[in-house]
Each structure stands twice: as structure tokens, then as C-alpha cells.
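Counting with the working numbering, you get residues 499 to 1006 for the letters of the sequence shown.
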Amino acid sequence: MKIYNSPILLLLSSLLTLSVSTSSLDAHPGDIDLAGIWRGDIDPEGTAIELVFHIEANKDGGWSGTVDTPVQNSYALPLSGISVDEDGNVTIAVAATGGLYQAKLQAKGQQLQGTWKQRGSELKLECHREATLPPLPTELSAALVGIWEGTLTVGAIELRIVLSLKTQDGEKLSGFMISPDQSPAEVPVTRIDHLKDRRTRICVGTAFLSMVMDLSEDGQKLSGSFHQGRGKFDIALTKKEQISTVHRPQEPKPPFPYKVEEVSYDNKEAGVTFAGTLTLPEGDGPFPAVLLITGSGSQDQDESIFQHRPFLVIANHLTRQGIAVLRVDDRGVGGTSAGNDPENATTEDFVGDALCGVKFLSQRKEVASNQIGLLGHSEGGVIAPLAAAKDKRISFIILLAGTGVRGDRLLLSQNELISQTTDTDEETIQAGLTLNRKLFDVVLRDDLDSAGRAKEFEKVLNAADDIDQEQAEQILAQMTNSWIQWFIRHDPAAVLEKIQIPVLAING
């Protein structure tokens, strides 16, 4: 059982948090060629697991590529680094899984012999070269260009899926996938494989998902299956002229009886430039002001989800009441940069982001610097008290669905409640909760460094009877994540006790 039992939560987490660049891979000596498919097996527990590296030369030098793990239904996960020295020593890195392949290119250039390293394990890996995959047939490639939209049904939940494909440099297809009901984030398509006839595998490797789709004879429908981990769901996408929108009557429309200004400011320490919107009541001011802080995951400034834009609605209402409102895109979303170390950012880092927003507001002549507050939703409700404890310029905080108990207790409660809405039997639910408690207890220990925690996690997972290699890797990736470890350890009650300014907490 995973930390988050619901498949839809796994999908949401993957779509919002995973992003690996392949644009900065190392250059290679001109007389050594790595282009091709490299296929080999690792054998961690008596069961062979095939790894397939797809490597191609970049026009500007160096290589880019992806890796498949077919038994885990993982295709086209981007490689984060490829290098080779003049002696034929090759290094291939997969940042998303913590994997590293160090090998020697053999004399004839058709074989790599070396070691696969991942989370403390070292396994022999010998790969043999094959020819690169043939390109998509020209007619099929042209027919796939466009916007495709459909619905993914997972249990009782329906999610719209949008696929946008275009021709890159007049040659291969590229594009992105959006789950607009969850987030506006564009998750890149990392590879498209031709399987047979009009069937393709469309890979969104950074989200560990793929779609095996057949194109209809009239070229207007893609039908097939959506795969993520062990999950397999039927899906059909129809060609559209543009991405569909849902009418929400509560969403404000211009003209507005207030000023709307696009703004930007920096968190220099974190290397982040924020892009956002400041709405100001008519008049000279100075006005009280509030900074809106989004919940967990990569959110835009309107906190868009399921075609709702709650922060836009809140900003509109407050500004009409004479309050200036600042809302900004999260790190790596919209016009906001990702920062120096996006993969290791925690809630504590986002507190620094909020304080930079407070500083920006305090420097605006239209804002009353002694009347600046924070409104935080979900994780934003954790951030707001932490920021208020550090900055006396903050005069009030509003917590929407914030937390009041330590992170491990909250996650256990959420997991149990979510599981009870599915068809999961009570015995399985309790077994999952027991496993999660053991994993969380490792996080809570103060006597372990990161390496020690990883070893303890592996002990817990190895002792679990119903955890296979694929599940163990997914759980280990979650539990070694900096954000989740910080969240599990954080006790918001201890912070709230110190707050001396007005607090409005709304839950329900």
C-alpha cells in the first residue's frame, strides 16, 4: 500500500510535483557515439528487471534521452545527465529515481558493462545496443497534431485529460498533457512510440504515466488505455479546436471597479522571481492588504482546480471591500521561476517566499504597512502562522482548511478517510496504516541522518509481506522527499500557541 492509497492522489502528486529537465546533458568526445537503444537487466531479488535507455545525439552536441522500466509500466522517464570520457567511461543519471549507471563502453561500441546504483544498492548491469526506434509514419504523425480531450474515470472521480501535440522543428512530435481539473500545469510528453498500424504509446515520463492509443480511421478520436504504475484505465480522447472551458458563474469578469496590476518581486536568497497580480481599490489609500498563500503542490495565482479559481473569487471580493490583495504563481508555475533547488524545497522555504511578498506589499505606497495580513489555504494555512511568528509587520492571519495537528497524524487520518471512500476492505486499510506509522516513525527519529533514514525505510519495506519492488521504490521515493519529511515532523499547534495577532481559522 502506498502512502497515498487513492490512485487519483498518486496521479495528482505526480502531475504537480515531477519535472526533470533534459536540456543540460554533458557534451561528449566527438569520436564516441552513444546514440541508440541500450537494453539490460538488473536482478535485485531474483527477479530480472529490464532497463531500456533511449539515447540520441543533440544538434548542439551532447546527448539527451529517456529510460524505460517496462515491468513497472514506466516509459520515457527523462535522463538528467549523460557523460562519457575519452576512455569510454559512461555515466547516465536518472534524477527522478535517484538512479546512476556507471559503465565502460566496450571496444566494438555495442556493449556497456557496469553498475546500476540506486539508494544504496549496487547491481551489475550489462547493456547491449540496438538501433533507435523508427520515426512515426509521416501520415500518422501529421494526424496526431492538435488538441485532444477526454475524461479519465478513476473510481467515482472523473478527470478531464487534455493532450496537445505539435511538430517540433518540422520533424518529431512534441507536446504536453494537462489535467485541468487538478492543475493548469503543462506536463511534457517525453516520447511517442509507434507500436503498430495506427497505435502509439504516448509517454509522459515525468508523471510516470503513458497512454496506449489507437487513432480512428477518420482521425478524430484516440481510444485506448491510461497506465500509471499498476493502474490501467480505459480512456478516449476526441480532437478539439481548443481546450474546453467550464462556465463558473461565480468567477468575476471585467470591467472591475478596482485597479489590476501585474507585478513581480524576488526572493533573492532562493533565486526565485515571483509573478503575480495586485488588485487595488479605487482611491489613494493607503489600504489594508492581504497576501494569498496557496496549498500544497504547484498552484497558479488563482489556485485553479477543477475549473474553479477560488483565489480569483476571494481577491475580487476583498478588493471590492476596500482591501488590496496580492496573489502570485507558485515556484515553477506561470511566470514564477523555479528557484535554485526546486526538488528539495520544503514548506519552510515557502515561508521565506511569503515574507518576500509581505516585504513587497510594505513597500507599496497604496498599502498601509501596519495592516498587512496573510490568507493561507491548506499548506498555506501552515505557512501563514510560521511567517507571522517571524515578521511583526503581519497584523492578522486567516487559515482556510489549515492544519492543527502534527503532519504524521494528519496524513494517517487522511489516508484512512480517503481509503474508506473506496472499495478497499478494512483489513487492507489497517495494514496500510500500520506500514505508514512505521515509516513515519523513522522520519520522526532525531538520531538518523538522511542515509540512516533510507536504510531504516528499506528495513521497514523489506519486512512488509505485501510490498513488491515497484511499490517499495515508489514509497521510498516519497519518504525520502524533503517536503514530505518536513511536513511529517511539523507540529502547527506549537507555532499557533505563539501567535499574538488576530487569527481567523475556517475548517469544514
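Positions of the beta carbon are idealized from the N, C-alpha and C atoms, including for glycine. Keep in mind it's a predicted model, so treat the numbers as computed, not measured.
Use the C-beta contact count for ILE676: other C-beta atoms within 10 angstroms, 16 or more gives buried, fewer gives exposed.
-> In the sequence shown, counting from the first residue as 1, residue 676 sits at position 178. ILE676 comes out buried.
Who are the near neighbours of ILE611 in its chain, counting only those whose CB is closer than 7 Å to its CB and skipping five residues on each side?
-> Counting from one through the sequence shown, the residue named residue 611 turns up at place 113. Ile is not the amino acid found at residue 611; the sequence shown has Gln there. Contacts found: ALA601, LYS602, GLN604 and GLU624.
Using DSSP bridges, identify the partner residues of GLY673.
-> Taking the first residue of the sequence shown as 1, we reach residue 673 at position 175. Bridge partners of GLY673: LEU663.
What does a CB cutoff of less than 8 Å around ILE659 pick up in its chain, not counting 5 residues either side in sequence?
-> Sequence index remark: in the sequence shown, residue 659 carries index 161 (1-based). Cβ within range, chain order: GLU647, GLY648, THR649, LEU650, MET675, ILE676, SER677, PHE724, ILE733 and LEU735.
Do the segment 566–578 and the segment 700–710 meet, that is, are 3 or more Cβ pairs less than 8 Å apart?
-> yes
Hey, could you find the ends of the beta strand (DSSP E) PRO883 is sitting in?
-> Numbered from 1 along the sequence shown, position 385 holds the residue referred to as residue 883. Not the beta strand (DSSP E): PRO883 falls in the alpha helix (DSSP H), residues 877–888.
Measure from the alpha carbon of THR771 to the alpha carbon of each residue in LEU642, GLN797, GLY618 and GLY833, then state which is nearest.
-> In the sequence shown, counting from the first residue as 1, residue 771 sits at position 273. The option with the nearest alpha carbon to THR771 is GLY833.
Specify the secondary structure class of THR792 as computed by DSSP and reduced to three states.
-> Here residue 792 refers to the residue found at position 294 of the sequence shown. THR792 falls in the coil class under three-state DSSP.
Within the segment 880–967, note down every full beta strand (DSSP E) run reaching 3 residues or more, in order along the chain.
-> 892–898
Quick one: grab the DSSP three-state call for ARG537.
-> Stepping through the sequence shown from its first residue, residue 537 is reached at position 39. It is a strand residue.
By DSSP, does ARG825 sit in helix, in strand, or in coil?
-> Residue numbering aside, residue 825 sits at position 327 when the sequence shown is read from its first letter. Strand at ARG825.
Limits of the unbroken alpha helix (DSSP H) element including PHE848 = Within the sequence shown, numbered from 1, the residue matching residue 848 stands at position 350. Its alpha helix (DSSP H) spans residues 845–860.
State the Cα-Cα distance for the pair SER522 and SER860, rounded to the nearest angstrom.
-> Taking the first residue of the sequence shown as position 1, residue 522 is located at position 24. Taking the first residue of the sequence shown as position 1, residue 860 is located at position 362. Confidence in SER522 is poor, its pLDDT being 37 and thus under 50, which makes the residue's placement too unreliable to answer from.
Within 10 angstroms of the Cβ of PRO686, are there 16 or more other Cβ atoms? Answer buried if so, exposed if not.
-> For the purposes of this step, residue 686 is identified with residue 188 of the sequence shown, where counting begins at 1. PRO686 should be labelled buried.
For GLN972, is the classification buried or exposed, using 16 other Cβ atoms within 10 angstroms of its Cβ as the cut-off for buried?
-> If you number the sequence shown from 1, residue 972 lands on position 474. The residue is buried, with at least 16 neighbouring Cβ atoms inside 10 Å.
Note the first and the last residue of the continuous beta strand (DSSP E) segment covering ILE733.
-> Here residue 733 corresponds to residue number 235 of the sequence shown, with the count starting at 1. Counting along the chain, the beta strand (DSSP E) containing ILE733 begins and ends at 729–738.
Spatially closest choice to GLU715 from ARG696, ALA991 and GLU864, by CA coordinates | As a first step, residue 715 must be located in the sequence shown, where it is residue number 217. The candidate whose alpha carbon is nearest that of GLU715 is ARG696.
Please report how far the alpha carbon of ARG902 lies from the alpha carbon of GLY1006, in whole angstroms.
-> On the sequence shown, position 404 is the one that residue 902 refers to. On the sequence shown, position 508 is the one that residue 1006 refers to. Arg is not the amino acid found at residue 902; the sequence shown has Gly there. The alpha-carbon atoms of GLY902 and GLY1006 are separated by roughly 13 Å.
Which one or two residues does DSSP pair with TYR756 in a beta bridge?
-> The residue given as residue 756 occupies position 258 in the sequence shown. Answer by DSSP bridge pairing, in chain order: PRO779.
Closest by CA to HIS745, which one among LEU720, GLY653, LEU974 and HIS806?
-> Sequence index remark: in the sequence shown, residue 745 carries index 247 (1-based). Of LEU720, GLY653, LEU974 and HIS806, the residue nearest in Cα terms is HIS806.
Mind checking whether GLN799 and VAL758 have CB atoms under 8 Å apart?
-> Within the sequence shown, residue 799 is the residue found at index 301, counting from 1. Within the sequence shown, residue 758 is the residue found at index 260, counting from 1. No, Cβ-Cβ distance for GLN799 and VAL758 is not below 8 Å.
At which residues does the alpha helix (DSSP H) containing ILE997 begin and terminate?
-> Against the sequence shown, residue 997 aligns to sequence position 499. Segment: none, ILE997 is in no alpha helix (DSSP H) and carries neither H nor E.
For the beta strand (DSSP E) containing ASN587, list its first residue and its last residue.
-> For the purposes of this step, residue 587 is taken as the residue at position 89 of the sequence shown. Where ASN587 is concerned, the enclosing beta strand (DSSP E) stretches over 587–592.
Helix, strand or coil for THR545, going by three-state DSSP, please let me know.
-> Position 47 of the sequence shown, counted from the start, is the residue given in the question as residue 545. THR545: coil per DSSP, three-state reduction.
Who are the near neighbours of GLY769 in its chain, counting only those whose CB is closer than 6 Å to its CB and skipping five residues on each side?
-> Residue numbering aside, residue 769 sits at position 271 when the sequence shown is read from its first letter. Cβ within range, chain order: GLY837 and ASN838.
Note the first and the last residue of the continuous beta strand (DSSP E) segment covering LEU816.
-> Translated into the one-based positions of the sequence shown, residue 816 becomes position 318. That residue, LEU816, is in no beta strand (DSSP E); its alpha helix (DSSP H) goes 808–818.
If you check the beta carbons only, do GLY534 and ARG627 fall under 8 Å apart?
-> To locate residue 534, count along the sequence shown from 1; it is residue 36. To locate residue 627, count along the sequence shown from 1; it is residue 129. Against a cut-off of 8 Å, the Cβ pair of ARG627 and GLY534 comes out as a contact.
Under a Cβ-count criterion, where at least 16 other Cβ atoms within 10 Å of its own Cβ denotes burial, should PRO635 be classed as buried or exposed?
-> Here residue 635 is taken as the residue at index 137 of the sequence shown, counted from 1. The residue is exposed, with fewer than 16 neighbouring Cβ atoms inside 10 Å.
Which class does ASN765 belong to by DSSP, given the choice of helix, strand or coil?
-> The residue labelled residue 765 in the question sits at position 267 within the sequence shown. In the structure shown, ASN765 sits in a strand (DSSP, three-state: E or B).
Which listed residue (GLN726, LYS694 and LYS730) has its alpha carbon closest to that of LEU713 | Here residue 713 corresponds to residue number 215 of the sequence shown, with the count starting at 1. With distances taken between Cα atoms, LEU713 lies closest to LYS694.
Run through DSSP, which three-state label would ILE1021 get?
-> Residue 1021 lies beyond the range of the chain shown here (499 to 1006); nothing can be said about it.
Going by CA-CA distance only, name the one from MET709, GLU739, ILE741 and SER794 that's closest to GLY1028.
-> It is not possible to answer for residue 1028, since the shown part of the chain is limited to 499 through 1006.
State the start and end residues of the unbroken beta strand (DSSP E) segment that holds ILE580.
-> As a first step, residue 580 must be located in the sequence shown, where it is residue number 82. Element bounds for ILE580: 579–582.
Exposure of GLN570, with buried meaning 16 or more beta-carbon neighbours within 10 Å | To locate residue 570, count along the sequence shown from 1; it is residue 72. Classification for GLN570: buried.
Since LEU603 is in the beta strand (DSSP E), which residue starts that stretch and which ends it?
-> As a working note, residue 603 is residue 105 in the sequence shown. That run of the beta strand (DSSP E) goes 597–603.
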